[in-house]
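J.:
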Amino acid sequence: MSIPVIAFFNNKGGVGKTSLVYHIAWMFSDLNLRVLAADLDPQSNLSAAFLDEGRLEELWPENEHTSTIYGAIRPLQRGIGDISPPRLEKINDRLALVPGDMSLSAFEDDLSQVWPKCLDKDERSFRVMSAFWRILQQGAEDRQAQVVLMDLGPNLGAINRAALIASDYVVVPLGPDLFSLQGLHNLGPTLRVWRKGWSERLTKSPGKDLVLPKGNMEPIGYIVMQHSVRRDRPVKSYEKWINRIPGAYREFVVNSMVKDPPKVADDPNCFALMKHYRSLVPMAQESRKPVFHLKPADGALGAHMNAVQDAYRDFESLAKKIAIKTGLNLP
Numbered sequence: 413m414s415i416p417v418i419a420f421f422n423n424k425g426g427v428g429k430t431s432l433v434y435h436i437a438w439m440f441s442d443l444n445l446r447v448l449a450a451d452l453d454p455q456s457n458l459s460a461a462f463l464d465e466g467r468l469e470e471l472w473p474e475n476e477h478t479s480t481i482y483g484a485i486r487p488l489q490r491g492i493g494d495i496s497p498p499r500l501e502k503i504n505d506r507l508a509l510v511p512g513d514m515s516l517s518a519f520e521d522d523l524s525q526v527w528p529k530c531l532d533k534d535e536r537s538f539r540v541m542s543a544f545w546r547i548l549q550q551g552a553e554d555r556q557a558q559v560v561l562m563d564l565g566p567n568l569g570a571i572n573r574a575a576l577i578a579s580d581y582v583v584v585p586l587g588p589d590l591f592s593l594q595g596l597h598n599l600g601p602t603l604r605v606w607r608k609g610w611s612e613r614l615t616k617s618p619g620k621d622l623v624l625p626k627g628n629m630e631p632i633g634y635i636v637m638q639h640s641v642r643r644d645r646p647v648k649s650y651e652k653w654i655n656r657i658p659g660a661y662r663e664f665v666v667n668s669m670v671k672d673p674p675k676v677a678d679d680p681n682c683f684a685l686m687k688h689y690r691s692l693v694p695m696a697q698e699s700r701k702p703v704f705h706l707k708p709a710d711g712a713l714g715a716h717m718n719a720v721q722d723a724y725r726d727f728e729s730l731a732k733k734i735a736i737k738t739g740l741n742l743p
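Here my numbering runs 412 ahead of the position in the sequence shown, where the first position is 1.
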């Protein structure tokens with residue numbers, strides 16, 4: 413039985429996706445789940461959140477990058493073998509990271525070329541298309557992880573197609589703006605096309621000895637990241653966009669029309685309306701910890717400490733909702 417993979421994905425950038433993955437990974441760890449975080453965005457921002465510059469420099473030397481996601485797929489890409497075992501970065505006893513790599517973008521062309529070849533029952537093509545899933549499953553088994561959280565880049569390219577084929581569930585982070593709404597117009601239909609395309613290719617699988625992902629990529633809900641908050645409510649300039657999200661999400665992602673969509677607060681597809689906690693972010697980045705782990709020694713004093721406690725409650729509630737939707741049993 414495979415370990416569930418949750419992808420956090422939006423083809424529109426700047427919606428706080430990486431920060432969400434980082435904080436939810438930490439919160440699941442706090443809730444005693446064993447977590448593997450995977451950085452499959454060539455920009456590698458999730459890796460930069462978890463690791464300091466010194467460690468990143470060690471992971472990305474001038475020559476071969478053997479200790480990253482790219483290092484794990486490199487033998488397959490070069491045609492000298494299959495994937496190599498992923499080298500994981502231990503963050504704590506319950507949390508580990510598959511480090512990202514800017515060189516991963518070099519895998520894009522290969523993934524584009526093998527997609528049609530899968531229809532010809534070409535075994536190498538299936539190995540390439542399933543590489544991310546097999547790496548994540550092997551890493552999760554090695555760490556005895558109960559869930560994999562995957563951070564992806566903001567595009568609809570071949571890397572993300574392969575990454576989403578590796579996913580069981582998709583969470584969509586959104587900003588309260590026109591661009592996020594427009595992004596839903598592309599995101600939902602693209603997921604359906606990719607899911608159908610992979611399902612067709614699975615019927616051409618070259619043999620039973622190669623275990624392949626199901627490619628469910630089931631959208632289970634969205635998270636709205638507020639740009640600004642006043643008295644625990646979105647400022648008026650964003651309200652009109654927020655109010656249009658439930659209808660757009662149902663129409664384009666869920667693929668069902670509803671005459672009178674609910675408000676965000678009442679929408680079962682909405683996990684949360686999350687604050688940005690802007691005042692805490694610089695302290696958290698400096699201390700290299702999630703905002704809800706900040707202490708007075710980190711500079712979180714007075715009102716800042718109240719915000720830390722609010723952040724803990726918000727992320728705890730969010731993590732528990734995601735756990736329920738994905739069937740994760742919290743200890």
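Think of the CB as a built atom: it goes at the ideal place given N, C-alpha and C, for glycine as much as any other residue.
(1) Starting from the Cα of D453, find the closest Cα among S515, M413 and A508 and give me that residue.
(2) Could you tell me the distance, in whole angstroms, from the CA atom of E728 to the CA atom of P511?
(3) By DSSP, does R643 sit in helix, in strand, or in coil?
(4) Suppose only complete runs of 3+ residues qualify. What are the beta strand (DSSP E) ranges in the region 518-589, listed by chain order?
(5) Taking 8 Å as the threshold, find out whether the region 600-615 comes into contact with the region 543-555 through three or more Cβ pairs.
(6) According to DSSP, which residues form a beta bridge with Y634?
(7) A719 to K701, Cα distance in whole Å?
(8) Mapping the DSSP letters down to three states, classify A719 as helix, strand or coil.
(9) Below 6 Å CB to CB, which residues in the same chain sit around F440 once its five sequence neighbours on both sides are set aside?
(10) Would you list the one or two residues that DSSP bridges to K451?
(11) One question on the structure: do T480 and L471 come within less than 7 Å of each other, judged by their Cβ atoms?
(12) Could you spell out the range, first to last residue, of the alpha helix (DSSP H) harbouring N457?
(13) Below 7 Å between beta carbons: does that hold for V427 and P585?
(14) Count the C-beta pairs between the region 480-494 and the region 589-602 that are closer than 8 Å, then say yes if the count reaches three, no if not.
(15) Straight-line CA distance for I436 to A460?
(16) From which residue to which residue does the alpha helix (DSSP H) around A712 run?
T.: With the given structure in hand:
(1) Here residue 453 corresponds to residue number 41 of the sequence shown, with the count starting at 1. Check the Cα spacing between D453 and each of S515, M413 and A508: the tightest is with S515.
(2) Here residue 728 corresponds to residue number 316 of the sequence shown, with the count starting at 1. Here residue 511 corresponds to residue number 99 of the sequence shown, with the count starting at 1. C-alpha separation (whole angstroms): 25 Å.
(3) Counting from one through the sequence shown, the residue named residue 643 turns up at place 231. Note that R643 scores a pLDDT of 49, beneath 50, so its modelled location is shaky; the value from the coordinates is reported in the next line. Three-state result, R643: coil.
(4) 559-563 and 581-586
(5) no
(6) On the sequence shown, position 222 is the one that residue 634 refers to. DSSP, once it has assigned bridges, lists V584 and C682 as partnering Y634.
(7) Position 307 of the sequence shown, counted from the first residue, corresponds to residue 719. Position 289 of the sequence shown, counted from the first residue, corresponds to residue 701. When rounded, the distance between both Cα atoms is 15 Å.
(8) Taking the sequence shown and counting its residues from 1, one reaches residue 719 at position 307. Looking at A719 - three-state DSSP - the assignment turns out to be helix.
(9) By one-based count along the sequence shown, residue 440 stands at place 28. Result list for F440: V447 and A731, in chain order.
(10) Residue 451 sits at position 39 when you count from the first residue of the sequence shown. Sequence inspection shows Asp at residue 451; the Lys mentioned does not correspond to that position. D451 is bridged to D563.
(11) Indexing the sequence shown from 1 puts residue 480 at position 68. Indexing the sequence shown from 1 puts residue 471 at position 59. Yes. Within cutoff.
(12) For this step, residue 457 is matched to residue 45 along the sequence shown. N457 -> alpha helix (DSSP H) spans N457 to F462.
(13) Walking along the sequence shown from the start, residue 427 turns up at place 15. Walking along the sequence shown from the start, residue 585 turns up at place 173. Result yes, Cβ atoms of V427 and P585 sit closer than 7 Å.
(14) Judged by Cβ distances under 8 Å, the region 480-494 makes no contact with the region 589-602, as fewer than three pairs qualify.
(15) Taking the sequence shown and counting its residues from 1, the one referred to as residue 436 is at position 24. Taking the sequence shown and counting its residues from 1, the one referred to as residue 460 is at position 48. So the two alpha carbons sit approximately 16 Å from each other.
(16) Position 300 of the sequence shown, counted from the first residue, corresponds to residue 712. Where A712 is concerned, there is no enclosing alpha helix (DSSP H), given that its DSSP letter is neither H nor E.
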